[in-house]
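J.: What follows is a structure written as structure tokens; I'll ask about it next.
Number of protein chains: 4
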Amino acid sequence: MGVTMDGTKQQRRGNTRQRIQDVALELFAEQGYEKTSLREIAERLDVTKAALYYHFKTKEEIIVSLFEDLTQPIADLIEWGRGQPHTLETKQEILRRYSEALSHAEPLFRFMQENQATVRELRIGETFKDRMHGLREILMDPDAELVDQVRSLSAMFTLHAGMFVMQDLVGDVEKRRQAVLEVALDLVTQAHEHAHADTDD
Amino acid sequence: MGVTMDGTKQQRRGNTRQRIQDVALELFAEQGYEKTSLREIAERLDVTKAALYYHFKTKEEIIVSLFEDLTQPIADLIEWGRGQPHTLETKQEILRRYSEALSHAEPLFRFMQENQATVRELRIGETFKDRMHGLREILMDPDAELVDQVRSLSAMFTLHAGMFVMQDLVGDVEKRRQAVLEVALDLVTQAHEHAHADTDD
Amino acid sequence: MGVTMDGTKQQRRGNTRQRIQDVALELFAEQGYEKTSLREIAERLDVTKAALYYHFKTKEEIIVSLFEDLTQPIADLIEWGRGQPHTLETKQEILRRYSEALSHAEPLFRFMQENQATVRELRIGETFKDRMHGLREILMDPDAELVDQVRSLSAMFTLHAGMFVMQDLVGDVEKRRQAVLEVALDLVTQAHEHAHADTDD
Amino acid sequence: MGVTMDGTKQQRRGNTRQRIQDVALELFAEQGYEKTSLREIAERLDVTKAALYYHFKTKEEIIVSLFEDLTQPIADLIEWGRGQPHTLETKQEILRRYSEALSHAEPLFRFMQENQATVRELRIGETFKDRMHGLREILMDPDAELVDQVRSLSAMFTLHAGMFVMQDLVGDVEKRRQAVLEVALDLVTQAHEHAHADTDD
DNA sequence: TATGAATGAGCCTTCATTCAT
DNA sequence: CATGAATGAAGGCTCATTCAT
Chain A
1 MGVTMDGTKQ
11 QRRGNTRQRI
21 QDVALELFAE
31 QGYEKTSLRE
41 IAERLDVTKA
51 ALYYHFKTKE
61 EIIVSLFEDL
71 TQPIADLIEW
81 GRGQPHTLET
91 KQEILRRYSE
101 ALSHAEPLFR
111 FMQENQATVR
121 ELRIGETFKD
131 RMHGLREILM
141 DPDAELVDQV
151 RSLSAMFTLH
161 AGMFVMQDLV
171 GDVEKRRQAV
181 LEVALDLVTQ
191 AHEHAHADTD
201 D
Chain B
202 MGVTMDGTKQ
212 QRRGNTRQRI
222 QDVALELFAE
232 QGYEKTSLRE
242 IAERLDVTKA
252 ALYYHFKTKE
262 EIIVSLFEDL
272 TQPIADLIEW
282 GRGQPHTLET
292 KQEILRRYSE
302 ALSHAEPLFR
312 FMQENQATVR
322 ELRIGETFKD
332 RMHGLREILM
342 DPDAELVDQV
352 RSLSAMFTLH
362 AGMFVMQDLV
372 GDVEKRRQAV
382 LEVALDLVTQ
392 AHEHAHADTD
402 D
Chain C
403 MGVTMDGTKQ
413 QRRGNTRQRI
423 QDVALELFAE
433 QGYEKTSLRE
443 IAERLDVTKA
453 ALYYHFKTKE
463 EIIVSLFEDL
473 TQPIADLIEW
483 GRGQPHTLET
493 KQEILRRYSE
503 ALSHAEPLFR
513 FMQENQATVR
523 ELRIGETFKD
533 RMHGLREILM
543 DPDAELVDQV
553 RSLSAMFTLH
563 AGMFVMQDLV
573 GDVEKRRQAV
583 LEVALDLVTQ
593 AHEHAHADTD
603 D
Chain D
604 MGVTMDGTKQ
614 QRRGNTRQRI
624 QDVALELFAE
634 QGYEKTSLRE
644 IAERLDVTKA
654 ALYYHFKTKE
664 EIIVSLFEDL
674 TQPIADLIEW
684 GRGQPHTLET
694 KQEILRRYSE
704 ALSHAEPLFR
714 FMQENQATVR
724 ELRIGETFKD
734 RMHGLREILM
744 DPDAELVDQV
754 RSLSAMFTLH
764 AGMFVMQDLV
774 GDVEKRRQAV
784 LEVALDLVTQ
794 AHEHAHADTD
804 D
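Protein chains in written order, with our numbering: chain A, 1 to 201; chain B, 202 to 402; chain C, 403 to 603; chain D, 604 to 804.
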């Protein structure tokens with residue numbers, strides 16, 4: 001049962017923790033956090049529920065570990081952004097990198113997008129909110145007109161939506177990402193130019 | 202117990218169904234669908250769980266009823282849009298009316314936004330998806346450049362995000378809605394103009 | 403299964419709460435609190451575990467309810483004692499009534515005696531401790547010699563031990579109770595007389 | 604990790620078995636047997652659960668070993684008592700030695716006192732009961748009046764209670780022990796004198 | 001129109017224990 | 001002498017749902 005030809009049980013050993021994360025993320029993204037039971041995860045891995053508890057103290061810890069392991073690039077990105085001058089170039093670079101970071105941890109971000117109510121109650125909720133705020137502070141000019149502030153935020157959400165909602169828009173994932181990024185860049189550019197019409201060139 | 206001097210129990214009588222919907226929506230929007238139990242709803246209303254079953258056959262039916270009661274305007278809007286020529290004016294009018302419709306059933310839409318994984322598994326999921334597709338068909342030009350298709354969709358998601366995510370942007374709700382709408386209109390206009398640079402007026 | 407000749411299921415209905423308490427107390431006293439599972443209680447009653455939760459919010463609440471229902475006489479006794487002058491007669495009357503109160507809720511007190519470590523962690527622990535302190539304040543003279551203070555307390559513990567430990571001493575329960583009570587009265591009398599050798603009669 | 608400068612890990616080496624016993628007894632006495640998990644014991648010692656199983660075959664064996672290691676003096680005492688004539692002097696000497704034995708293994712006896720229900724189900728339960736019976740046979744005169752039999756037993760329970768319950772009576776432990784012992788001696792003396800009013804002097 | 005009582009399924013979690021290394 | 005990894009059993013609890021009254 002679950003044992004392959006070469007006597008392994010799907011590469012068993014040492015990597016169980018990783019395998020739990022993989023299966024969990026897949027199921028969380030597919031069915032949501034609450035609808036995914038630890039029994040289900042365990043069954044897919046052909047281990048007992050108790051085995052999960054050897055590797056993670058609680059169900060929540062599984063999602064927390066995924067979050068921590070997969071979103072580090074975004075934390076780094078924000079850190080980097082904070083240290084840069086708030087020029088148009090910085091904002092554009094942030095969007096470019098953010099778009100790429102998102103695409104590298106797609107299932108997790110889809111999960112977070114589609115389970116916002118749940119995430120809010122989890123330990124990662126606060127952290128996530130802080131991150132979004134961080135991004136916002138870099139992209140948005142607090143003195144700009146309201147409509148241009150909205151443009152900046154809209155750039156962010158376009159990136160999000162582009163990843164999860166427009167999946168059927170076009171087959172080529174990379175092409176779509178580029179198109180979405182272009183729109184986001186455009187929005188942030190418009191916002192920036194209105195605000196600095198006289199000071200910048 | 203829970204009964205006031207004038208024999209009412211907070212407007213009591215006949216409107217229990219409505220009261221269940223109100224409380225349910227409030228809790229669903231606040232904590233999510235799965236985390237809200239019928240016990241909790243019943244307790245808030247000071248009735249028994251069994252009473253809920255007199256008015257609704259299942260928990261799912263409560264959210265279905267809310268969806269049906271509150272999103273009719275949007276179904277109508279789409280119906281109307283389908284019958285119109287796909288001109289820029291139509292698209293702009295759609296966005297204007299959609300923005301207003303959203304603002305009139307805010308808690309429900311917030312719920313749908315924050316519980317997408319859940320909604321997908323419910324009966325309303327399919328209907329909701331169809332609606333979004335309907336809107337999309339009106340707003341988006343299938344022959345346009347990919348980037349302009351994205352612009353059109355971005356207009357929609359900006360409306361959504363504007364309602365739920367940018368709540369702290371500015372105090373005045375109506376002002377924010379206008380700014381968000383302006384950005385959305387802008388996006389759809391740009392998309393349309395690129396696509397019809399030579400043919401349209 | 404569990405259904406008697408007359409079609410009832412052991413007088414079912416209306417008294418389930420009481421039946422739960424009865425069975426629970428029996429099992430708690432027999433095996434201890436932690437070793438008694440709700441499953442076991444439910445099985446004995448031929449209901450499901452969930453039924454227990456209809457009547458009691460938690461396992462702890464079952465024991466709390468038993469404590470509250472069965473130890474009221476002792477609370478009353480202490481209340482009464484507090485209002486009396488601290489004469490020898492009062493002390494003797496307290497012991498007499500206490501002995502009788504104990505004998506009327508024997509299983510519960512046996513449980514508390516044999517599960518002290520557990521009880522200490524439960525909500526009733528503090529209350530129980532307070533009661534014992536109450537009794538003590540009435541029986542014990544704070545100015546007496548240490549050895550006489552011990553005598554007073556020893557009277558109390560003799561009553562306790564007499565109920566649970568000396569069960570095989572003699573067949574006739576009531577006779578044993580009287581003998582135990584006599585020893586307790588003796589102890590308290592000696593203590594009192596030493597302390598008031600010159601002041602009292 | 605957990606290892607100090609000089610290579611020890613809190614005296615490390617060879618004495619792990621002893622350290623397990625120490626920690627276990629501390630926890631058992633504090634929280635009770637069932638509420639103390641092997642995980643907890645292992646964590647306090649900074650070893651794994653599996654390590655415990657190297658030293659003890661089961662959880663029960665830990666408490667059994669403690670019992671055996673710490674109560675030998677009492678077994679010896681009873682053995683000695685059996686060989687003596689049942690005079691008042693013997694009884695008094697037994698009480699004196701018992702009191703001292705109790706005070707040397709206080710945590711264990713506190714544990715046994717507060718977890719009687721648990722102990723009863725363990726292997727040590729029977730042994731413990733036998734010991735108590737042994738003591739009783741020496742202290743109690745089977746032909747005495749019931750009330751004097753109770754007195755003899757009361758002497759024993761006074762010793763017990765004196766150790767665990769009257770802890771707040773007075774600060775000086777040794778003083779308290781002497782007072783408690785005095786009361787116990789008194790009880791056994793009264794019992795003996797009533798029974799031998801005419802035969803003994 | 002509602003309640004009181006109960007169920008069946010399932011959930012997350014903990015525990016003592018085992019065994020290969 | 002001890003660890004890493006896992007298991008089987010069980011535990012307390014919650015939930016949506018049902019049904020007789």
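Where a beta carbon is used, it is the ideal one built from N, C-alpha and C, also for glycine. Computed from a prediction, not measured in an experiment: that's the story for all the values here.
#1: Relative to the C-alpha of histidine 795(D), which residue among Asp679(D), Leu691(D), Gly737(D), Arg700(D) is closest?
#2: Let me check understanding here. Comparing Cα to Cα, which of Tyr656(D), Ala645(D), Arg780(D) lies closest to glutamine 551(C)?
#3: Residues of chain B with CB closer than 7 Å to the CB of alanine 144(A), please, in chain order.
#4: Serine 154(A): buried (16+ other C-beta within 10 angstroms of its C-beta) or exposed?
#5: On a Cα-Cα basis, can you pick out the residue from Glu671(D), Ile665(D), Gln634(D) that is closest to arginine 622(D)?
#6: How about glycine 416(C): is its C-beta nearer than 9 Å to some C-beta of chain D?
#7: For alanine 396(B), collect the residues of the same chain with a Cβ closer than 8 Å to its Cβ; drop the 5 residues on either side in sequence, then sort them by chain order.
#8: Taking the CB atoms as reference points, tell me whether methionine 163(A) and phenylalanine 109(A) lie closer together than 9 Å.
#9: Put tyrosine 33(A) into one of helix, strand or coil per three-state DSSP.
#10: Quick check: what's the CA-CA separation for phenylalanine 28(A) versus aspartate 22(A)?
#11: Taking the Cβ atom as the reference point for each residue, do glutamine 634(D) and glutamine 515(C) lie within a distance shorter than 9 Å?
#12: Between leucine 772(D) and chain C, is the shortest Cβ-Cβ distance under 9 Å, so that the two count as touching?
#13: Verify whether the separation of the beta carbon atoms of leucine 296(B) and leucine 382(B) is less than 9 Å.
#14: For a quick check, are the C-beta atoms of arginine 538(C) and valine 590(C) less than 9 Å apart?
#15: Just curious, the alpha helix (DSSP H) that aspartate 672(D) is in, first and last residue?
#16: Work out the CA separation of arginine 97(A) and leucine 370(B) for me, nearest whole Å.
#17: Under 9 Å between C-beta atoms, does arginine 734(D) make it to chain C?
#18: Using a C-beta cutoff of 9 Å, does arginine 151(A) count as contacting chain B?
#19: Find the residues of chain C that neighbour glycine 686(D), judging by a C-beta separation of less than 8 Å, and give them in chain order.
#20: Pairs of beta-carbons, one from the stretch 520-534 of chain C and one from the stretch 457-473 of chain C, closer than 8 Å: are there three or more?
#21: Indicate the three-state DSSP secondary structure (helix, strand or coil) for histidine 736(D) in the structure shown.
#22: Only counting the same chain, and skipping five residues up and downstream in sequence, which positions put a Cβ closer than 8 Å to that of alanine 276(B)?
#23: How is the alpha helix (DSSP H) around glutamate 301(B) delimited, first residue to last?
#24: Would leucine 226(B) and phenylalanine 312(B) be called neighbours here (beta carbons separated by less than 9 Å)?
#25: Please list, in chain order, all residues of the same chain as alanine 708(D) whose beta carbon is under 7 Å from its beta carbon, the five residues on each side excluded.
#26: For a test of the three-state rule: what should DSSP assign to glutamine 687(D), helix, strand or coil?
#27: Between Asp186(A), Tyr33(A), Arg17(A), which lies nearest to proline 107(A) when the distance is taken from Cα to Cα?
#28: What does the Cβ neighbour count give for aspartate 649(D), buried or exposed, with the cut at 16 atoms within 10 Å?
#29: To the nearest angstrom, how far is the alpha carbon of glutamate 481(C) from that of isoleucine 540(C)?
#30: Checking 9 Å against the spacing of the C-beta atoms, do histidine 658(D) and arginine 620(D) come in under that value?
#31: Please check if any C-beta of chain A sits within less than 9 Å of the C-beta of serine 355(B).
#32: Exposed or buried, which one is lysine 451(C) when buried takes at least 16 other CB atoms within 10 Å?
#33: Among His133(A), Lys35(A), Thr36(A), Ala51(A), which one has its Cα closest to the Cα of glycine 14(A)?
#34: Here's the rule I'm using: 16 or more other beta-carbon atoms within 10 Å means buried, otherwise exposed. How should alanine 503(C) be labelled?
#35: Could you check which residue in Ala243(B), His334(B), Gln285(B) has the C-alpha nearest to that of phenylalanine 155(B)?
#36: I'd like to know if alanine 380(B) contacts chain A, where contact means its C-beta is closer than 9 Å to some C-beta of that chain.
T.: Reading off the structure:
#1: Leu691(D)
#2: Arg780(D)
#3: In chain order: nothing, as chain B lies at least about 11 Å away.
#4: buried
#5: Ile665(D)
#6: no
#7: Asp342, Asp344, Ala345, Glu346, Asp349
#8: yes
#9: coil
#10: 10 Å
#11: no
#12: yes
#13: yes
#14: no
#15: 662-673
#16: 25 Å
#17: no
#18: yes
#19: Under the 8 Å cutoff, chain C gives no residues; its nearest Cβ is about 25 Å from glycine 686(D).
#20: yes
#21: helix
#22: Arg332
#23: 289-305
#24: yes
#25: Leu673, Thr674
#26: coil
#27: Tyr33(A)
#28: exposed
#29: 10 Å
#30: yes
#31: yes
#32: exposed
#33: Ala51(A)
#34: buried
#35: Residue numbering for chain B in the displayed model covers 202 to 402; residue 155(B) lies beyond these limits and cannot be assessed.
#36: yes
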